[in-house]
Amino acid sequence: MKLYCLSGHPTLPCNVLKFKSTTIMLDCGLDTTAALYFLPLPLVHSPRLSKLPGWVSKDGAINLEKKELLDLSTIDVILISNYHCMMALPYITEHTGFTGTVYATEPTLQIGRLLMEELVTFMERVPKAQAATCWKNKEIQRLLPGPLKDAVDVWSWRKCYSVQEVNSALSKVQLVGYSQKVELFGAVQITPLSSGYSLGSSNWIIQSHYEKVSYVSGSSLLTTHPQPMEQSSLKNSDVLILTGLTQIPTANPDGMLGEFCSNLSMTIRAGGNVLVPCYSSGVIYDLLECLYQFMDSANLGSTPFYFISPVANSSLEFSQIFAEWLCQNKQSKVYLPEPPFPHAELIQTNKLKHYPSIHGDFSSEFRQPCVVFTGHPSLRFGDVVHFMELWGKSSLNTIIFTEPDFSYLDALAPYQPLAMKCVYCPIDTRLNFHQVSKLLKDIQPLHVVCPEPYTQPPPAQPHRSDLMLELQPPPMSYRRCSVLGLPFRRRYERIHLLPELARSLVPSEIKAGVSVATVSAVLQSKDNKHVLQPVPKPAPVPPSKKRKRVMEEPPEVLNPKPLLSGAVPLEPFLATLHKNGITEVKVEETADGHILHLQTEDVLIQLEEDATHIICDNNESLRTTLRDLVLRFLQKL
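For the sequence shown, the tail end lands on 637 under the UniProt record's numbering, and the numbers increase by one without skipping.
Structure follows, in structure tokens:
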């Protein structure tokens, strides 16, 4: 069993597990942090950005964290844990010869589709007059300013995929529900479990009859809108692959929500606007719910909220219709009937308005001061670029970063000097190190495999040993482009007996409660299922050919040798030899048993725990006699 690690980003994993003749990809996250190396893509002409000096080659590159450790066309299935971890799917299904199946829950598929379509729209509505690729040449790259000069594997960066590629990739997805068991080629069984992180997010159990691997990625124990994390099914794992822990282990999500509301209200009271760069699904649902309760109590109920995204309407609708994937409290509202999320009421009362872009209705209905939720969190593309240009010059306005995926200082770099206030309130509900240590203590996997950064304190805080995994035995760690041999071997395989063969068995009890039986059969293996069948009877042959046929059959087929069970006790065996006239026996003790030297006959008998050897030269009659004496102490099966 091997694990191939294709991603260098612990929260955007992409690993490949080879297990019992199946090749399984675990997630295919897309690392878009490389977008920070480029200038923003404005929706309208920006004189300031267009006059900036330096390299201006912006070819919409995305960093696809893959390296050819193995042929991706050999992958049988892809398991998706959440919609953030499937953004590289079109690169794999459409450009590697992949012919397998992708498994995901329905919310993961539908919201993942929205995020992909949003990304494509962001890129395609700001087309480039020309594409630049020569800079990827190593000789040219080393002349570029940092950080591009030091970027690794720029040749692997790709342009954003198209809508056609998105649709083709998602047509390969097979939907599964929580706790649904799916058999892969008769070799292993996969089961998704709720991970508690986002709508439809899953951990996965991958097991055969005798081995169990758990894949835990992007999980949360906090009480938010998704179904709670299912933990009990993770117990008794031989190997647990752990990834997708919180990126900000020192930040408490509840505390960050409090700071978010506090800074937002101060800005609105001062007459300023608030810009929240965010993804179009996920934390935004919790932010809107928090603000729904907070704004009225702060006497700011008249402040408008704007959600601007090409998929804003679909995202808000999906969050309301996937009731069975929500926590129990929100599920119960559906049967009242009430909308599970309060943003439905915000929309009905016109406190929350959503638009596909800044053009069209938004420009005529827009009023200030207001709160705008829009993408992309990198500040490099999407409608957020326009608001940075529009509001960045006023100190009354505030930008609040809630997504932890990007360095907010790097994101702001192209907009400096900046007058607007900047607040960093990253909200990451995924497991922290304290929570995951308690979880692992409860479920007790035999071995834990995790990204290398989880096994050491953060570089900026080398004294914080509480911000790492300390386990016994220590976890196995991996880094990008490494291959791990997982620390257990297959020991057993399940074989089925046909009823007619089972009826022919004659068990013999070798000790209390244990019986064994010999079997002569034909083993048939097909689709990773193994069946013992009776040995087929030979076809009748004419009398003239019978003798020839008997000579051709190997003796072990015609008369299979019996199996022997038991042990040859030393003292009773010496007494038996004495009764049969063999009296001069010298006994020597060895590490494995005893050696008996029959001095008169010049014969050696080695009595060992699992074997008996008779060494007798040129006296076949004596060897046969000694063999028969040994067999008196053994059972024939």
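Glycine is no exception: its CB is placed at the ideal position from the N, C-alpha and C atoms.
Fair warning: this is a prediction, and the values are worked out from it, not measured in the lab.
Around the C-beta of residue i, are 16 or more other C-beta atoms found within 10 angstroms, so that it is buried, or is it exposed?
i, result
"residue 539", "exposed"
"residue 163", "exposed"
"residue 284", "buried"
"residue 104", "buried"
"residue 278", "buried"
"residue 473", "exposed"
"residue 127", "exposed"
"residue 321", "exposed"
"residue 142", "exposed"
"residue 523", "exposed"
"residue 19", "buried"
"residue 512", "exposed"
"residue 492", "exposed"
"residue 205", "buried"
"residue 650", "For the chain, the structure presents residues 1 to 637; residue 650 sits outside this window and is missing."
"residue 210", "exposed"
"residue 113", "buried"
Considering only their Cβ atoms, is the gap separating residue j from residue i smaller than 8 Å?
i, j, result
"residue 109", "residue 170", "yes"
"residue 382", "residue 375", "yes"
"residue 227", "residue 198", "no"
"residue 479", "residue 8", "yes"
"residue 38", "residue 75", "no"
"residue 417", "residue 272", "no"
"residue 33", "residue 433", "no"
"residue 30", "residue 17", "no"
"residue 384", "residue 275", "yes"
"residue 715", "residue 40", "One cannot answer for residue 715 here, as it falls past the ends of the chain, which runs 1 to 637."
"residue 200", "residue 107", "yes"
"residue 506", "residue 475", "no"
"residue 305", "residue 352", "yes"
"residue 414", "residue 356", "no"
"residue 594", "residue 588", "yes"
"residue 312", "residue 354", "yes"
Taking the continuous alpha helix (DSSP H) assigned at residue i, which residues delimit it?
i, result
"residue 443", "433-443"
"residue 262", "253-269"
"residue 111", "106-124"
"residue 345", "343-348"
"residue 578", "570-579"
"residue 90", "89-95"
"residue 293", "283-297"
Could you tell me the alpha carbon to alpha carbon distance between residue i and residue j, rounded to whole angstroms?
i, j, result
"residue 337", "residue 296", "24 Å"
"residue 504", "residue 517", "10 Å"
"residue 612", "residue 626", "11 Å"
"residue 334", "residue 411", "40 Å"
"residue 331", "residue 268", "34 Å"
"residue 468", "residue 214", "20 Å"
"residue 188", "residue 22", "8 Å"
"residue 137", "residue 87", "27 Å"
"residue 58", "residue 120", "Its pLDDT being 41, under 50, residue 58 is placed unreliably in this model, and the value from its coordinates should be taken loosely. About 15 Å."
"residue 662", "residue 590", "The question about residue 662 has no answer here: the residues shown for the chain are numbered 1 through 637."
"residue 622", "residue 573", "16 Å"
"residue 184", "residue 196", "25 Å"
"residue 633", "residue 515", "18 Å"
"residue 12", "residue 404", "12 Å"
"residue 596", "residue 450", "55 Å"
"residue 133", "residue 156", "11 Å"
"residue 307", "residue 373", "5 Å"
"residue 437", "residue 466", "10 Å"
"residue 525", "residue 502", "18 Å"
"residue 542", "residue 577", "50 Å"
"residue 435", "residue 441", "10 Å"
"residue 83", "residue 111", "6 Å"
"residue 326", "residue 50", "46 Å"
"residue 14", "residue 470", "24 Å"
"residue 172", "residue 264", "43 Å"
"residue 490", "residue 122", "48 Å"
Locate the beta strand (DSSP E) running through residue i, then write down its first and last residues.
i, result
"residue 609", "Element bounds for residue 609: n/a, residue is neither H nor E."
"residue 320", "Unbroken run through residue 320 is the alpha helix (DSSP H), 312-321; no beta strand (DSSP E)."
"residue 3", "2-5"
"residue 525", "521-526"
"residue 25", "22-26"
"residue 306", "305-308"
"residue 533", "529-534"
Contiguous beta strand (DSSP E) assignments of at least 3 residues, all confined to the region 382-414 | 398-401
Enumerated in chain order, which unbroken segments of the beta strand (DSSP E) with a length of 3 residues or greater are wholly contained in the region 448-500?
Counting only runs of 3 or more, we get 476-478, 483-485 and 495-497.
inquiry  = Give the list of continuous beta strand (DSSP E) stretches no shorter than 3 residues that lie fully inside the region 173-260.
reply    = 173-175, 182-184, 188-194, 202-207, 212-217 and 239-243
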